[in-house]
Amino acid sequence: MYPRLFPSTTDPVYTYTCLAAFLGSLGIYEVLSPWFSRRVTSCYERLPRAQQVEWNNKITATINDVLCTAFTMYALLFDDKLRHDDLRSDSHWCKLAGAIILGYFTADILEMFCRPKIKWDTAMFLHHLAAAVMAYVSLFWYNFAQFYGNIMIMMEASSPFLNIRNLLLLAGWSKSSRPYTFVSASFVITFFLFRVAIIPPFW
1 MYPRLFPSTT DPVYTYTCLA AFLGSLGIYE VLSPWFSRRV TSCYERLPRA
51 QQVEWNNKIT ATINDVLCTA FTMYALLFDD KLRHDDLRSD SHWCKLAGAI
101 ILGYFTADIL EMFCRPKIKW DTAMFLHHLA AAVMAYVSLF WYNFAQFYGN
151 IMIMMEASSP FLNIRNLLLL AGWSKSSRPY TFVSASFVIT FFLFRVAIIP
201 PFW
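If you count the sequence shown from 1, position 159 lands on 159 in the UniProt record's numbering, and the numbers rise without skipping.
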C-alpha cells in the first residue's frame, strides 16, 4: 500500500510526486542551497542569518517555479484534451505541476513554523494555504477546470526572474548593474506575456 494523499481514484504517481516535491524542497532549502551557494559565491557566508534564509527560500522557489512552468507550458501546447475541454479535461502534466506545487507549499509552510522569527509571513502563509487548497480541490478532488488551473500555475513563469533579482541584491549587485537590468527586463516581459497577454485568448 502506498500513502494516500488524494482520492482513491487518483493515480498514485501524483502522491509520490507530491511527497518528492515536499522532501526535495526541504532538501534544497536545508542542504543543497547552502552547500552550493557557499561554493559559487563568497557573499553567502557574509549574509546575516535572516538573509541566508531568504536566499535559500528564493533558490527553492525558483527551482519549483521552473519545473511547474515547464509542465504547464507542455500541457498547454501539446495536451489536446486540456485545450478542447476547459472544464472537464484531465491533464497528466497539469496534475504533475499541481502535485509539485502542493509539495512545495507544504514544505514552505513547515519552514515558516520552524523559523517563525525569521521566516513567518502571514500574507504568504495565507497565499500558500489558499492556493494549495484550490489546487487540491480543483485538480485532484473534483477534477474540474484544469485548463484554468493550468493557466494560473503557468503565470508563475515570471517568478524566477523576480527571485533572481532579489538574489542579485542580496549578493551586492546594484540596481544599475547590467545583470540586474537584464533580469528586471526579463521579469517585465514574462510578467506581461504570462499574466496579461494571455487574458484575451484564454479567458
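Even for Gly, the Cβ is constructed at its ideal location relative to N, Cα and C.
* Asked: Do you know offhand how far Phe147's Cα is from Leu87's?
  -> Phe147 and Leu87 have their C-alpha atoms roughly 7 Å apart.
* Alpha carbon to alpha carbon, how far is Leu126 from Ile59? -> About 21 Å.
* Asked: So the alpha helix (DSSP H) Phe105 belongs to, where does it begin and stop?
  -> Residue range 92-114 is occupied by the alpha helix (DSSP H) that includes Phe105.
* **Exposed unless 16 or more other CB atoms sit within 10 angstroms - verdict on Ser42** => The residue in question, Ser42, is exposed, as its Cβ has fewer than 16 Cβ neighbours within 10 Å.
* Can you tell which of Ile151, Leu170, Pro160 has its C-alpha closest to the C-alpha of Ala185? -> If we check each option's Cα against that of Ala185, Pro160 comes out closest.
* Asked: Closest to Ala75 by CA distance: which of Cys94, Leu47, Gly103, Asp90 is it?
  -> By alpha-carbon distance to Ala75, the top candidate from Cys94, Leu47, Gly103, Asp90 is Cys94.
* In this structure, does DSSP put Asn56 in helix, strand or coil? -> When DSSP states are grouped into helix, strand and coil, Asn56 belongs to the helix group.
* To do: For Gly172, collect the residues of the same chain with a Cβ closer than 8 Å to its Cβ; drop the 5 residues on either side in sequence, then sort them by chain order.
  => Only Cys43 meet the Cβ criterion.
* Assuming Ser33 contacts Asn64 (C-beta within less than 8 Å), just tell me the rounded distance between them. => In fact, because the Cβ distance is near 12 Å, the residues do not count as touching under 8 Å.
* Top-ranked residue by Cα proximity to Leu23, from Gln51, Gly103, Val188, Ala157 -> Closest in C-alpha terms to Leu23, from the list Gln51, Gly103, Val188, Ala157, comes Gly103.
* To do: Under 8 Å by Cβ, that's how I've got Tyr180 and Leu168 pegged, so tell me the actual separation to the nearest angstrom.
  => A Cβ-Cβ separation of about 5 Å places Tyr180 in contact with Leu168 under the 8 Å criterion.
* Per-residue burial, Arg130 [other beta carbons within 10 Å of its own, 16 or more giving buried] -> According to the sequence displayed, residue 130 carries Ala and not Arg. Residue burial is scored here from C-beta neighbours: Ala130 has fewer than 16 other C-beta atoms within 10 angstroms and is therefore classed as exposed.
* **Supposed close pair Arg195, Ser138 - CB separation, criterion 8 Å** => Wrong, their Cβ atoms sit about 19 Å apart, outside the cutoff.
* Asked: How is Met198 classed by DSSP in three states: helix, strand or coil?
  -> For clarity, residue 198 is Ile in the given sequence; the question names Met instead. Looking at Ile198 - three-state DSSP - the assignment turns out to be coil, as it is neither helix nor strand.
* Mapping DSSP to helix, strand and coil, what is Phe144? -> Three-state DSSP puts Phe144 in coil, outside helix and strand.
* Whose C-beta lies closer than 6 Å to the C-beta of Gly98 among residues of the same chain, with five residues either side of it excluded? -> Cβ contact annotation for Gly98 (same chain, cutoff 6 Å, sequence separation greater than five): Ala135, Leu139, in chain order.
* To do: Take Ala197 as the anchor and find which of Ile151, Glu54, Arg165 has the nearest alpha-carbon.
  => Minimum Cα distance to Ala197 is reached at Ile151.
* Span separating the alpha-carbon of Val183 from that of Val40 -> If you take the alpha carbons of Val183 and Val40, they lie about 19 Å apart.
* Other residues of its chain near Asn163: CB distance less than 6 Å, five sequence neighbours each side excluded -> Apart from the 5 residues on each side of it in sequence, Asn163 sits with its Cβ closer than 6 Å to the Cβ of Lys58, Ala61, Thr62 in its chain, given in chain order.
* To do: Give every residue of the same chain whose Cβ lies closer than 7 Å to the Cβ of Val53, excluding the five residues on either side of it in the sequence, and list them in chain order.
  => So the list reads Arg115, Ile118, Lys119, once near-sequence residues are dropped.
* Asked: Looking at Met155 and Met73, is the spacing between their C-beta atoms short of 8 Å?
  -> When the beta-carbon positions are compared, Met73 and Met155 stay at least 8 Å from each other.
* Asked: So what does DSSP say about Lys175, is it helix, strand or coil?
  -> Of the three classes helix, strand and coil, the one that applies to Lys175 here is coil, per DSSP.
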